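Engineer:
Residue numbers (the working numbering): 779 to 868.
1. How about the segment 795–805 and the segment 816–828: do they share at least three Cβ pairs that are nearer than 8 Å?
2. Here's a check: name, in chain order, each residue in its chain whose Cβ is nearer than 8 Å to the Cβ of residue 854, leaving out the five neighbours to either side.
3. Ignore the nearest five residues each way along the sequence and tell me which others in residue 795's own chain have a CB closer than 7 Å to its CB.
4. Would you tell me roughly how many angstroms separate the C-alpha atoms of residue 813 and residue 805, rounded to the nearest one?
5. Can you name the start and end residues of the alpha helix (DSSP H) that residue 856 belongs to?
6. Expressed to the nearest angstrom, what Euclidean distance is found between the alpha-carbon atoms of residue 807 and residue 866?
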């Protein structure tokens, strides 16, 4: 049977991530049961805009007031942000 080191590394990373996610879920349950205001758990999701480009012209949107062109986030910046949150649920 052939040995695939990259596959083994991917399995290890997946296993390690699943442990972090599970432990964070456990901490979240403790926070909720104890009605804590200072949380032990970390965020389970992250939402941000990788682009500010839009051509919908919604009446309540303030993007036209920004006075700048829409921009895209670089993938390297996106990866730096995501890598800081290993406990996110995917």
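Cβ atoms here follow ideal geometry from the backbone N, Cα and C, with glycine treated the same way.
Because the structure is a prediction, the values reported are computed rather than measured.
Structural biologist: Per the coordinate set shown:
1. Touching, yes.
2. As a first step, residue 854 must be located in the chain shown, where it is residue number 76. Nothing listed; no residue qualifies.
3. Translated into the one-based positions of the chain shown, residue 795 becomes position 17. Closer than 7 Å at the Cβ level, and outside the excluded window around residue 795, lie 864.
4. Position 35 of the chain shown holds residue 813. Position 27 of the chain shown holds residue 805. Using only the alpha carbons, I get a separation of about 12 Å.
5. Locating residue 856 in the chain shown gives position 78, where the first residue counts as 1. Run containing residue 856: 853–861, per the alpha helix (DSSP H) assignment.
6. For the purposes of this step, residue 807 is identified with residue 29 of the chain shown, where counting begins at 1. For the purposes of this step, residue 866 is identified with residue 88 of the chain shown, where counting begins at 1. Their Cα atoms are separated by approximately 16 Å.
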